[in-house]
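Note sheet for the following structure.
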Amino acid sequence: MDLKALYMYASVPALLLCCAATFIQSPTDVYGPVSLHEPTPSSARDFGAVVSDAPFAIMRPDSAADVALLLRALSSAPPRPRATVAARGAGHSLQGQAQARGGIVLETRSLPRAVAVVASDGDGGAYADVGAGALWVEVLEECLKAGMAPLSWTDYLYLTVGGTLSNAGISGQAFKHGPQITNVLQLQVVTGNGEVVTCSPTESPDLFFAVLGGLGQFGIITRARILLQHAPPKVRWVRAFYDSFEKFTRDQEFLISMPEQVDYVEGFMVLNEHSISSSSIAFPAHISFSPDFGSHGKKKIYYCIEFAVHDFQEDDGSSVDHVVELVSGGMSYVRPHMYSAEVSYFDFLNRVRMEEESLRRQGLWDVPHPWLNMFVPKHGIARLKDLLMDTVLAGHFDGAVLVYPLLTDKWDRNTSAVVPSTPDGVMYIVSVLRSADPSRCGPGCVEEILEQHRRVADEACRVGGGIGAKQYLARQPSQAHWRDHFGSSWDRFAARKARFDPVRVLGPGQGIFPSTDSASSMWR
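Numbering follows the numbering used here, with no gaps: position 478 of the sequence shown is 497.
Structure follows, in structure tokens:
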């Protein structure tokens, strides 16, 4: 008999699985049913497409109360959960982090996704109350109706609010405003115990900071209050090209030292002609930069900085022109190769969507993405670049490599997010964003790329003699690796787990707190 619908109730201390292929039986209870459904193919797949762990069932909750019913039931028989639960938003994790082998995938997109904009809270601040299943593009669209917008973004907007807040959420605004997790005023969270808690820096602060960057280990975010600012109608978007990594990084650090003038800073490696064309799909200005990438045998790499200045159009545009002129005058790019364009604020923030649509047309979006993301201390960025050149970038490469600086003092160390120690306060995000075209790179090829990335990460993050980097958005291969990753904050992270999810119901796909039992024995 196929699984059709499963019903669970709030007080189910005698929850029994009669047969994994039929249904869960429990006593009828006044709290009403929580419906579970058969797994879908997407519940065992993510954007990374390198891990596929099928759940036993999926849940589409209508409210935080539904989530609480489920988690209370599953955590009611310590020391082991009756089943594990992974929260899945838009499915953009990379290594199965939002999957639950033999457990339950909770689809947060089914939660209320309303966006309520409050122009002022009485103290002059503006915020939006947002359902955690909302996509950031939906948040942007609603906030712009009121002339407002969040301060910090991700490059790709089709991610859920709860998903990015469980990691960090970074883009070119992070040097100025910090990651998305430092721009949150309040959360509603359902803990692993099934308790619905409203928390903030002053109300249940331990849970608030634990969940932000907490990798889904302590609770499921169901609502967030996001800090807002006035949104500019337009953005001046500028790109400048370099033939020297030293000048490239020096100018990026120059730009982030000017937060009053500059609103966004990113950069990327220009590996070949395709790097220029593929990265310029959304950039409306014509780029005539066509350098020699190594026609005489020696491979040559170039670099591109992009920065942006908000244009509130309070004059004839001369103030924005003045800022760009002032900033560019202090930069050492390959002259005359600086290009600029005026675009709407929405189009600028949504720029990656055009690249996605292009890749979809080519059949290259729904392919494996063996990515590598690391936070690298400033003192190690040149060494990390050389390491990538000797390994990952030595052969054929499909994708992009982002490199841009962040300021560590913009990160709240009370959160669970991990960044490296940097005496000068500057770190870089390095993102190796590879796409594996199945016509050229099959499963064996993807595994070779993943192994290559593991070796690079091991060297860069090695305790005691490495570069001092920390991985971002990665699943570590063992709990020992996780301990090394968290370093001195491991004890705090483990204590938070013991407090808010003591039965270890949540986040099995991260592999941080592995169960001693096999997945098949979770259901008893």
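The C-beta atom is built at its ideal place from N, Cα and C for all residues, glycine as well. Quick caveat, the model's predicted, so the values are computed rather than measured.
Counting beta carbon pairs with one atom in the stretch 287-304 and one in the stretch 388-401, are three or more of them shorter than 8 Å?
With a cut-off of 8 Å, the stretch 287-304 and the stretch 388-401 do not count as touching, because too few Cβ pairs lie within range.
Give me the DSSP bridge partner(s) of Gln205.
Here residue 205 corresponds to residue number 186 of the sequence shown, with the count starting at 1. Gln205 is bridged to Arg244.
Is it a yes or a no for the stretch 308-319 touching the stretch 198-210, going by three-plus beta-carbon pairs under 8 Å?
They do not touch, by the three-pair rule.
Whose C-alpha, out of Asn433, His472, Val445, is nearest the C-alpha of Leu452?
For the purposes of this step, residue 452 is identified with residue 433 of the sequence shown, where counting begins at 1. Nearest of Asn433, His472, Val445 to Leu452, Cα basis: His472.
What would DSSP say about Cys460, mapped onto helix, strand or coil?
Here the question's residue 460 lines up with position 441 in the sequence shown. Looking at Cys460 - three-state DSSP - the assignment turns out to be coil, as it is neither helix nor strand.
Measure from the alpha carbon of Ser294 to the alpha carbon of each residue in Glu333, Pro74, Thr217, Tyr322, then state which is nearest.
Taking the first residue of the sequence shown as 1, we reach residue 294 at position 275. Cα-wise, what sits closest to Ser294 is Tyr322.
Assess contact between the stretch 280-296 and the stretch 241-248, defined as three or more Cβ pairs (one per stretch) separated by less than 8 Å. Is contact present?
The stretch 280-296, when compared against the stretch 241-248, does not touch it at the 8 Å Cβ threshold.
Below 8 Å, can you find three or more Cβ-Cβ pairs linking the stretch 122-130 to the stretch 71-87?
Verdict: yes, contact present.
Could you give the first and the last residue of the continuous beta strand (DSSP E) run that contains Thr11?
Here the chain covers residues 20 to 543 and nothing more, so residue 11 does not appear.
Taking the CB atoms as reference points, tell me whether Tyr364 and Lys253 lie closer together than 8 Å.
Working through the sequence shown from its first residue, we reach residue 364 at position 345. Working through the sequence shown from its first residue, we reach residue 253 at position 234. Cβ atoms of Tyr364 and Lys253: closer than 8 Å.
Quick one: residues in its chain with C-beta nearer than 6 Å to the C-beta of Met541, no 5 flanking neighbours on either side, listed in chain order?
Your numbering for residue 541 matches position 522 in the sequence shown. Reliability of the predicted coordinates at Met541 is poor, the pLDDT of 36 falling under 50, and the value obtained from them is presented with this limitation in mind. Same-chain partners within the cutoff: Ala102, Gly121.
Which full runs of the beta strand (DSSP E) of 3+ residues lie inside the stretch 63-87, going along the chain?
Here the runs fully enclosed are 76-78.
What's the C-alpha gap between Val257 and Gly188?
Along the sequence shown, read from residue 1 onward, the residue named residue 257 stands at position 238. Along the sequence shown, read from residue 1 onward, the residue named residue 188 stands at position 169. One C-alpha to the other measures close to 23 Å.
Roughly how many angstroms lie between the CA atoms of Glu157 and Trp509, to the nearest whole one?
Start at 1 with the first residue of the sequence shown, and residue 157 comes out as number 138. Start at 1 with the first residue of the sequence shown, and residue 509 comes out as number 490. Roughly 35 Å between the two C-alpha positions.
With distances taken from CA atoms, which of Phe331, Glu325, Ser298, Glu292 is nearest Phe312?
The residue labelled residue 312 in the question sits at position 293 within the sequence shown. Out of Phe331, Glu325, Ser298, Glu292, Glu292 has the C-alpha closest to the C-alpha of Phe312.
How big is the Cα-Cα spacing for Ser71 and Ser112?
Mapped onto the sequence shown, residue 71 falls at position 52. Mapped onto the sequence shown, residue 112 falls at position 93. Looking at the two C-alpha atoms, the distance is approximately 12 Å.
Assuming Ile295 is part of the alpha helix (DSSP H), what are its boundary residues?
One-based indexing of the sequence shown puts residue 295 at position 276. Residues 292-298.
Give the DSSP bridge partners of Lys489, in chain order.
Taking the first residue of the sequence shown as position 1, residue 489 is located at position 470. Partner(s): Phe394.
Under three-state DSSP, which class holds Gly313?
Taking the sequence shown and counting its residues from 1, one reaches residue 313 at position 294. Note: Gly313 maps to coil in three-state DSSP.
Note down the Cα distance separating Leu89 from Val53, rounded to an integer number of angstroms.
Reading the sequence shown from its first residue, position 70 is the one you call residue 89. Reading the sequence shown from its first residue, position 34 is the one you call residue 53. Rounded to whole angstroms, Leu89 to Val53 spans 7 Å at the Cα level.
Ile448 bridges to which residues according to DSSP?
Taking the sequence shown and counting its residues from 1, one reaches residue 448 at position 429. In DSSP, Ile448 forms a bridge with Phe394, Tyr423.
Does the beta carbon of Glu285 come closer than 8 Å to any beta carbon on chain C?
Although the question refers to chain C, the structure presented lacks it and comprises just one protein chain.
If we ignore side chains and look at the alpha-carbon of each, how far apart do Asn392 and Glu467 end up?
In the sequence shown, the residue the question calls residue 392 occupies position 373. In the sequence shown, the residue the question calls residue 467 occupies position 448. Roughly 17 Å between the two C-alpha positions.
Can the beta-carbon of Val420 be found closer than 8 Å to that of Tyr447?
Numbered from 1 along the sequence shown, position 401 holds the residue referred to as residue 420. Numbered from 1 along the sequence shown, position 428 holds the residue referred to as residue 447. No, the pair does not count as a contact, with Cβ atoms beyond the cut-off.
Rank Ser507, Arg523, His388, Val449 by C-alpha distance to the C-alpha of Asn433 and give the top, closest one.
Sequence index remark: in the sequence shown, residue 433 carries index 414 (1-based). Checked all of Ser507, Arg523, His388, Val449; the closest Cα to Asn433 is Ser507.
Considering only C-alpha positions, which residue in the set Ala360, Ser458, Ser94, Ala413 is nearest to Gly382?
Working through the sequence shown from its first residue, we reach residue 382 at position 363. Comparing Cα positions, the closest option is Ser458.
DSSP state of Arg432, grouped into three classes?
Here the question's residue 432 lines up with position 413 in the sequence shown. Coil.
Please state the DSSP three-state secondary structure of Ile400.
Along the sequence shown, one-based indexing puts residue 400 at 381. DSSP places Ile400 in helix when its eight states are reduced to three.
Ile200 by DSSP, collapsed to three states: which one?
For the purposes of this step, residue 200 is identified with residue 181 of the sequence shown, where counting begins at 1. Here Ile200 sits in helix by DSSP.
What does DSSP give as the partner residue(s) for Val136 in the beta ladder?
Taking the sequence shown and counting its residues from 1, one reaches residue 136 at position 117. DSSP, once it has assigned bridges, lists Ala147 as partnering Val136.
Are the CB atoms of Gly181 and Ala106 nearer to each other than 8 Å?
What you label residue 181 is simply residue 162 of the sequence shown in a count that begins at 1. What you label residue 106 is simply residue 87 of the sequence shown in a count that begins at 1. In this structure, Ala106 lies closer than 8 Å to Gly181 by Cβ.
Classify Pro198: buried if its beta carbon has 16 or more other beta carbons within 10 angstroms, exposed otherwise.
Your numbering for residue 198 matches position 179 in the sequence shown. Under this definition Pro198 is a buried residue.
Assuming Ile275 is part of the alpha helix (DSSP H), what are its boundary residues?
Locating residue 275 in the sequence shown gives position 256, where the first residue counts as 1. Segment 264-275, the alpha helix (DSSP H) holding Ile275.
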